[in-house]
DNA sequence: TCAACGGAAAGGTAACACCATTTGCACCCT
DNA sequence: AGGGTGCAAATGGTGTTACCTTTCCGTTGA
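Chains as they are written, first to last, in this note's numbering: chain A, 1 to 235; chain B, 1 to 235.
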């Protein structure tokens, strides 16, 4: 399982939100499908209040629309908040997983190079030294083919740079990138052993960030991600 | 007013969601501040159910966390779903407007060039001709200094390319970019008359997309956005 | 120092009145 | 006969109230 880092307060609506969200994201409840509160109550054995609250959340994410007399209608994907971590998670968990990984990878290629460049300008001293340290660790783990541990450090590496960018919208993508990295290894889209070039590029990014060389950090990160994508495509 | 294109079902929680969301986004309710359902009920004169539903939505956006015996606590911005259109809207409406415009502009620089490149590969024939048409219209309106109409066509131009990219995550940013463009003119961050270079670049992007020249579309769009940012920064 | 306890506040259930919208049917005019 | 108009009933979300349960924070007392 991909780790679930949501706070999820164990509430009663959480399971039903999860189930309905997944079914919608998976397309099992297609656009235009109509649910009713009564149906939800009965299906999950909960009170109306709970059913309503779950539905409200779904509605605020754009997955459904609630209208009087007609019920709760599933909306087309164009209306979804596709940046909502829950929605991303649901799509990653369902049959659209491959497509979601592809769109997320494109997003990474767009954002992470700029984030790395910004981090080279904005990172704290602690962050700069940590990123260098992480790159060295990745080198060691990669050459030892310690895949799981490598992935966890890689998650930390990318999250650190996104958060050090000083742009909270970039920082908010850290969890999403973590999900992508974990999902990718889980899907077997990783090479059996990280290619040396990737290790070089991690180190190049780290060195550029540590040295405050913004443009260099950006291009190195871009090269790294393009390499990642090319490794994903053919399978 | 920046146009509000939310569906906002006129419900009774919508006003209270709006008010609380704005107050949190504005920092009037600082991180750690504690609300109670009773307080919300009383303040807005609504029943417990309505207060709870509004709170649930806020919670699903990461703005607050609800805990028994403690109340409803405002969470730090790092936990917010800063890509949620409502959150973006609230931040744009409050004192953080300038900061939000800056982070959004960085996001645009990250995403729109890649989206334009993807659009050059994926756009339909209708979209290709429309983008060329829009660029010509922008030229005409820009030279005539028809600022309002120019902005509306500009919104359409950028939205079209984001949606034509074939990546629904990029497409979902269309509304956000629209808000940025409208907010920017409203803030007076636009030159009195669009600079000729910007008009040239719009046409260059359009021609490259229409001709399927992906790399060219990408670099032209990047140049356009960098120009936009430099126009915003000094004032 | 730590365990027990009281109470505050959210979590959840149930029953109800209300209201908007749709559906369908009756009616009337052409 | 056909079709539009309008009334009425069914349906399903919206909002309110009352009440009980569960969780933990803070205090108190051994």
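Just so you know, even glycine gets a beta-carbon here, dropped at the ideal spot from N, CA and C.
Name, please, each residue of chain B whose Cβ falls closer than 7 Å to the Cβ of residue i.
i, result
"residue 52(A)", "53"
"residue 56(A)", "53, 56 and 57"
"residue 110(A)", "110, 111 and 114"
"residue 64(A)", "Going along chain B, no residue has its Cβ under 7 Å from residue 64(A), so there is no contact; the nearest lies around 12 Å."
"residue 72(A)", "Per Cβ cutoff of 7 Å: no residues; residue 72(A) is ~12 Å from chain B at best."
"residue 103(A)", "167, 168 and 169"
"residue 77(A)", "168"
"residue 49(A)", "49"
Given that a residue counts as buried once 16 or more other Cβ atoms are within 10 Å of its Cβ, and exposed if not, what is residue i?
i, result
"residue 5(B)", "Because residue 5(B) carries a pLDDT of 41, less than 50, the predicted location of this residue cannot be relied on, and the following value inherits that uncertainty. By the neighbour-count rule (16 or more Cβ atoms within 10 Å), residue 5(B) is not buried but exposed."
"residue 100(B)", "buried"
"residue 193(A)", "exposed"
"residue 39(A)", "exposed"
"residue 106(A)", "buried"
"residue 145(A)", "exposed"
"residue 74(A)", "buried"
"residue 34(B)", "exposed"
"residue 233(A)", "exposed"
"residue 103(B)", "buried"
"residue 125(B)", "exposed"
"residue 178(B)", "buried"
Residues of chain A with CB closer than 9 Å to the CB of residue i, please, in chain order.
i, result
"residue 211(B)", "Within 9 Å Cβ-Cβ: nothing; residue 211(B) doesn't reach chain A, min ~22 Å."
"residue 10(B)", "Per Cβ cutoff of 9 Å: no residues; residue 10(B) is ~11 Å from chain A at best."
Tell me whether residue i sits in a helix, a strand or coil according to DSSP, three-state version.
i, result
"residue 66(A)", "strand"
"residue 17(A)", "helix"
"residue 35(A)", "strand"
"residue 86(A)", "helix"
"residue 131(B)", "helix"
"residue 195(A)", "coil"
"residue 113(B)", "helix"
"residue 213(A)", "coil"
"residue 96(B)", "coil"
"residue 166(A)", "coil"
"residue 174(B)", "helix"
"residue 159(A)", "helix"
"residue 10(A)", "coil"
"residue 144(A)", "coil"
"residue 124(A)", "coil"
"residue 188(B)", "coil"
"residue 22(A)", "helix"
"residue 233(B)", "coil"
Within a Cβ cutoff of 8 Å, which residues of the same chain sit near residue i, ignoring the five residues on either side of it in sequence?
i, result
"residue 95(B)", "26 and 27"
"residue 80(B)", "61, 62, 63 and 87"
"residue 53(B)", "13"
"residue 114(A)", "165, 170 and 218"
What does DSSP give as the partner residue(s) for residue i in the beta ladder?
i, result
"residue 71(A)", "67(A)"
"residue 46(B)", "Looking at the DSSP assignment, residue 46(B) forms no beta bridge with any residue, so it has no partner."
Got a sec? Which residues, its chain only, sit under 7 Å from residue i by beta carbon, not counting five neighbours each side?
i, result
"residue 110(A)", "none"
"residue 197(A)", "227"
"residue 156(A)", "134"
"residue 59(B)", "65 and 66"
Using C-beta distances below 6 Å, list every residue in its chain close to residue i, excluding the 5 sequence neighbours before and after it, in chain order.
i, result
"residue 237(B)", "Since the first residue shown for chain B is 1 and the last is 235, residue 237(B) is missing from the structure and cannot be characterised."
"residue 217(A)", "116, 117, 120, 205, 208 and 209"
"residue 51(A)", "37, 40 and 41"
"residue 122(A)", "166"
"residue 202(A)", "135 and 138"
"residue 142(B)", "150, 194 and 199"
Please compile the residues from chain B whose C-beta is within a distance smaller than 8 Å of the C-beta of residue i.
i, result
"residue 232(A)", "Chain B residues near residue 232(A): none, gap ~15 Å exceeds 8 Å."
"residue 85(A)", "81"
Run down chain B in chain order and give the residues with a C-beta less than 9 Å from the C-beta of residue i.
i, result
"residue 36(A)", "Neighbours of residue 36(A) on chain B: none; closest Cβ ~17 Å, over 9 Å."
"residue 180(A)", "Neighbours of residue 180(A) on chain B: none; closest Cβ ~12 Å, over 9 Å."
Which chain A residues are close to residue i, counting only those with a beta carbon under 8 Å from its beta carbon?
i, result
"residue 106(B)", "114, 118, 167, 169 and 170"
"residue 93(B)", "Ordered by position in chain A, no residue passes the 8 Å Cβ test against residue 93(B), which lies about 17 Å from the chain."
Against residue i, what residues of chain A qualify as contacts under a CB-to-CB distance less than 7 Å, listed in chain order?
i, result
"residue 82(B)", "168, 169 and 172"
"residue 214(B)", "By Cβ distance, chain A contributes nothing, its closest Cβ being about 13 Å from residue 214(B), past 7 Å."
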